[in-house]
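Protein sequence lines, in the order shown, are assigned to chains A and B.
The first sequence begins at 17 in this note's numbering and counts up one residue at a time.
The second sequence begins at 33 in this note's numbering and counts up one residue at a time.
First up is the structure itself, then whatever we jot down about it.
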Amino acid sequence: MMFGLANPERFMRFSAPLVPWIWALAGVLLAAGTWLAFTAPEDYQQGDTVRIMFVHVPAASLGLMIYGALGVSSFLSLVFRHPLADAAARAAALPGAAYTALALVTGSLWGRPMWGTWWVWDARLTSVLVLFLFYLGYMALRSSIEDEAKAARAAAVLGLVGLINLPIVKFSVDWWNTLHQPASLLRAEGTSLAPVFLWPLLTMMAAYGVLFLALWLTAIRTEVTRRRVMSLRARAAWSA
Amino acid sequence: MPDLDMSPYAAFVWPAWAVSALVLGGLVAAAVAASRRWARALRTLEREARADRETAA
Chain A
17 MMFGLANPER FMRFSAPLVP WIWALAGVLL AAGTWLAFTA PEDYQQGDTV RIMFVHVPAA
77 SLGLMIYGAL GVSSFLSLVF RHPLADAAAR AAALPGAAYT ALALVTGSLW GRPMWGTWWV
137 WDARLTSVLV LFLFYLGYMA LRSSIEDEAK AARAAAVLGL VGLINLPIVK FSVDWWNTLH
197 QPASLLRAEG TSLAPVFLWP LLTMMAAYGV LFLALWLTAI RTEVTRRRVM SLRARAAWSA
Chain B
33 MPDLDMSPYA AFVWPAWAVS ALVLGGLVAA AVAASRRWAR ALRTLEREAR ADRETAA
């Protein structure tokens, strides 16, 4: 089925009825997550700053996962030279960069009252900044090369190189002494979060994830349409 | 009911939520605008191509 959907025509037909439902689900989850975030009690240590975690953690997790999607799409684009894989990689870059930027900004807004500083050059913060720079580099490289096929190949190589940074981001808090706290959600021994904070967090993570899916599918569909337009314009110019 | 009194951390909590809402809203607006722009361009080109075919026939 996945390989069948790699055909742009089939992908457009398959995704058309799904996309509005995914947008609607993202809206419902965002509304529910916001309600749960502001009805949760204050944390006994963090006070109301715990509510920053409900936007910071989803943005950070998705920033990491979206780069994974960009890297896999880049790999498929390089190996199979498939235009839909390249469109998927390209479409993931902007939301990924935006989510990662949000993780950095909201983390800083949490760090100032809790750590007493906006920023420290510890392994987690620095590796997330490097992740953000990979996103920016990917987008800059794509837009700096006029030939679209060459731009796609060069960007795909950079996308693959950036995958090296993902385990560094994930395990930085285990490998080095960092001011950033270790994982509290995905741990072998189970989550350390109380249910009153776990549910708002999981709902917001689902909201950010589904919103990314809606943005991604819409952007891939737009990219397929843009390529059709460019090809029709080229054909019209050639026949004129 | 929601607790909207963020004191003494209001200066950190509200900007975090505001910047998140702005950025996510901007992403949605940009995606929808680009989608509409290219769909409109495709419709125009297809209409022109159809008109050309009909004229030729």
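We put the CB at the ideal spot given by N, CA and C, even for glycine.
query, result
"For A/Met-17, which residues from the same chain have a beta carbon less than 6 Å from its beta carbon, with the 5 sequence-adjacent residues on both sides left out?", "With a pLDDT of only 48 at A/Met-17, under the threshold of 50, the placement of this residue in the model should not be trusted; the figure read from the coordinates follows. Excluding positions up to five away in sequence, the list is empty."
"Based on the DSSP output, what are the partners of A/Gly-63 in its beta bridges?", "A/Asp-59"
"In whole angstroms, what is the alpha-carbon distance linking A/Gly-206 and B/Arg-72?", "50 Å"
"Since I believe A/Gly-49 is in contact with A/Pro-216 (beta carbons under 8 Å), could you give me their beta-carbon distance rounded to a whole number of angstroms?", "6 Å"
"Can you round the beta-carbon distance between B/Trp-49 and A/Val-71 to whole angstroms, since I take them to be within the 8 Å contact cut?", "6 Å"
"Going by C-alpha to C-alpha distance, which of A/Arg-249, A/Ala-230, A/Ala-252 and A/Arg-244 sits closest to A/Trp-37?", "A/Ala-230"
"Which residues in chain B have a C-beta closer than 8 Å to the C-beta of A/Val-121? List them in chain order.", "Ala-48 and Val-51"
"A/Ser-124 and A/Trp-135 - do their beta-carbons sit closer together than 8 Å?", "yes"
"Report yes or no: do three or more beta-carbon pairs, one from the stretch 44–63 of chain A and one from the stretch 177–184 of chain A, lie closer than 8 Å?", "no"
"Please say whether A/Phe-30 and A/Tyr-83 have beta carbons closer to each other than 8 Å?", "no"
"For A/Ile-161, which residues from the same chain have a beta carbon less than 7 Å from its beta carbon, with the 5 sequence-adjacent residues on both sides left out?", "Ala-167 and Ala-170"
"Would you check if the distance between the CB atom of A/Ala-103 and the CB atom of A/Leu-92 is smaller than 8 Å?", "no"
"Starting from A/Ser-31, trace the alpha helix (DSSP H) in both directions and tell me its first and last residue.", "24–31"
"Using 8 Å as the limit for Cβ to Cβ distance, is B/Ala-89 near chain A?", "no"
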